[in-house]
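**Q** Each residue of the sequence shown is one higher than the one before, starting from 8 at the first, in this note's numbering. Glycine included, every Cβ here is placed at the ideal spot set by N, Cα and C.
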Amino acid sequence: MGWKPMFPTPEYDSADWLNWGSQIAKLLDHAKIPYVACGDLMNVHYQQVDRDISISICFVVPDDRLDAAIRALRVAGLSEDPCPDHCFWAENPTHRLNPFPLPWSARHFHRYLDFELCYPVGLLRKSQWLWLMPDLPLEFPEPNDPNFILSTDRRLPDWDMDGYGNSFYPIKLLTPARWIESLFSLHIRDLSVVRKFDERWYHHVVKFHARLARLLPPELFHIDLIQAPFRALYIEEADWRNTLNYKHLLMDSLWEEWQEAGSMPDPIYPFNHKKYKKKVKEYRSVWLYEDWIAEIMSR
Numbered sequence: 008m009g010w011k012p013m014f015p016t017p018e019y020d021s022a023d024w025l026n027w028g029s030q031i032a033k034l035l036d037h038a039k040i041p042y043v044a045c046g047d048l049m050n051v052h053y054q055q056v057d058r059d060i061s062i063s064i065c066f067v068v069p070d071d072r073l074d075a076a077i078r079a080l081r082v083a084g085l086s087e088d089p090c091p092d093h094c095f096w097a098e099n100p101t102h103r104l105n106p107f108p109l110p111w112s113a114r115h116f117h118r119y120l121d122f123e124l125c126y127p128v129g130l131l132r133k134s135q136w137l138w139l140m141p142d143l144p145l146e147f148p149e150p151n152d153p154n155f156i157l158s159t160d161r162r163l164p165d166w167d168m169d170g171y172g173n174s175f176y177p178i179k180l181l182t183p184a185r186w187i188e189s190l191f192s193l194h195i196r197d198l199s200v201v202r203k204f205d206e207r208w209y210h211h212v213v214k215f216h217a218r219l220a221r222l223l224p225p226e227l228f229h230i231d232l233i234q235a236p237f238r239a240l241y242i243e244e245a246d247w248r249n250t251l252n253y254k255h256l257l258m259d260s261l262w263e264e265w266q267e268a269g270s271m272p273d274p275i276y277p278f279n280h281k282k283y284k285k286k287v288k289e290y291r292s293v294w295l296y297e298d299w300i301a302e303i304m305s306r
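1) Given this structure, state the Cα-to-Cα distance separating LEU73 from VAL82, to the nearest angstrom.
2) Could you give the residue range of the beta strand (DSSP E) that holds LEU198?
3) Please state whether DSSP places ASP59 in a helix, a strand or coil.
4) Should PRO89 go down as buried or exposed, given a rule of 16 or more other Cβ atoms within 10 Å for buried?
5) Need the endpoints of the beta strand (DSSP E) that HIS115 sits in, please.
6) Residue range of the beta strand (DSSP E) that PHE155 falls in?
7) Is ASN50 buried or exposed, if buried means 16 or more other CB atoms sit within 10 Å of its CB?
8) Where do the N-terminal and C-terminal ends of the beta strand (DSSP E) with ALA235 fall, by residue?
9) Taking only the alpha-carbon atoms, compute the straight-line gap between LEU34 and LYS284 and give it to the nearest angstrom.
10) Pick out whichever of ASP165, LEU190, TYR176 has its Cα sitting closest to the Cα of ALA32.
11) Under a three-way DSSP split, which group does LEU311 fall into?
12) Assuming CYS65 and SER112 are in contact, meaning their beta carbons sit under 8 Å apart, how far apart are those beta carbons, in whole angstroms?
13) If you pair each beta-carbon of the region 260-274 with each one of the region 186-198, do three or more pairs fall below 8 Å?
14) So PHE107 packs on GLU206, CB below 8 Å; how close in whole Å?
15) Excluding sequence positions up to five away, which residues of its chain have a Cβ less than 7 Å from the Cβ of SER158?
16) Measure the Cβ-Cβ separation of LEU240 and LYS254 and say whether it is below 7 Å.
17) Based on Cα-Cα distance, which residue from PHE191, ARG161, LEU85 lies nearest to GLU149?
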């Protein structure tokens, strides 16, 4: 008779939720739909669950595969009934009262565990949420893939914890560097949003830097793996001694550049590009010359 521990092995707090997310990932794989996890299902692998994690299940899919993904979830029996009040996407983004910016799905489905508990699943367009990323993976990424990683990767802390990582079917994630870049790019996209949130898209980066960055092997995460200009933004954000907040000036400069080039999607929340562009010029005339900004961005 084998030795049995006095106390049961601790299980991850959101095991049921991650298990459900992995089932959807398996469904998308069987339907031959490229995807990557987004929102909380992505963030929770790089930071602990706390009040900033709303437990939503989102997947980004290529725009031309969105209809196929919708059909796959429909065939699987997920509900498309009108949203109840407690559904994550019960209202449109204009009316959503939340201190944090959240992914807003192009289409979503429900799975009810009981009358009060709904696990919604959202599908997002790549062109709206991950427009800077390469093509999404159809097959499992290789261990040395610079852009994508599996939730079962042994290099991730707690990968073998019950109810986490290796407990379930693999979920395709962004690598830490690409995830950081995506958060900064979403913040830049939404700079012209009329309503301001209590937190920013990239607030997860601070917690990642404090909790996980130094625990990952250098081939999985190192500051040099973050591409310019996002590397400079990460350095500015991670350095708690920084009091000048150059990163906001850098992001304003990127917003202007992307806006003029037409290479950035519009926000999902109400926005005013003209007003924000005027604001950027006013700040720049007070703060810094453009050559200073270029010097910082080249780090």
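**A** Let me spell this out:
1) In the sequence shown, the residue the question calls residue 73 occupies position 66. In the sequence shown, the residue the question calls residue 82 occupies position 75. Approximately 14 Å, taken between the alpha carbons.
2) Within the sequence shown, numbered from 1, the residue matching residue 198 stands at position 191. It is not in any beta strand (DSSP E) - LEU198 carries neither H nor E in the DSSP assignment.
3) Here residue 59 is taken as the residue at index 52 of the sequence shown, counted from 1. A caution first: ASP59 carries a pLDDT of 44, below 50, which makes its placement in the model too unreliable to give a value.
4) Residue numbering aside, residue 89 sits at position 82 when the sequence shown is read from its first letter. By the 10 Å Cβ count, PRO89 comes out exposed.
5) In the sequence shown, the residue the question calls residue 115 occupies position 108. From DSSP, the beta strand (DSSP E) with HIS115 extends over 114-116.
6) Stepping through the sequence shown from its first residue, residue 155 is reached at position 148. Run containing PHE155: 155-157, per the beta strand (DSSP E) assignment.
7) Here residue 50 is taken as the residue at index 43 of the sequence shown, counted from 1. Classification for ASN50: buried.
8) Within the sequence shown, numbered from 1, the residue matching residue 235 stands at position 228. Segment: none, ALA235 is in no beta strand (DSSP E) and carries neither H nor E.
9) Counting from 1 along the sequence shown, the entry for residue 34 is found at position 27. Counting from 1 along the sequence shown, the entry for residue 284 is found at position 277. Roughly 43 Å separates the two Cα atoms.
10) The residue given as residue 32 occupies position 25 in the sequence shown. The shortest Cα separation from ALA32 among ASP165, LEU190, TYR176 belongs to TYR176.
11) Here the chain covers residues 8 to 306 and nothing more, so residue 311 does not appear.
12) As a first step, residue 65 must be located in the sequence shown, where it is residue number 58. As a first step, residue 112 must be located in the sequence shown, where it is residue number 105. Yes, CYS65 and SER112 are in contact; Cβ-Cβ is about 7 Å, under 8 Å.
13) yes
14) The residue you call residue 107 lines up with position 100 of the sequence shown. The residue you call residue 206 lines up with position 199 of the sequence shown. Contact flag correct, Cβ pair sits at about 5 Å.
15) Along the sequence shown, read from residue 1 onward, the residue named residue 158 stands at position 151. Excluding positions up to five away in sequence, the list reads HIS52, GLY172, PRO177, ILE178, LEU180.
16) As a working mapping, residue 240 is identified with position 233 in the sequence shown. As a working mapping, residue 254 is identified with position 247 in the sequence shown. In this structure, LYS254 lies closer than 7 Å to LEU240 by Cβ.
17) Counting from 1 along the sequence shown, the entry for residue 149 is found at position 142. Closest option to GLU149, Cα to Cα, is ARG161.
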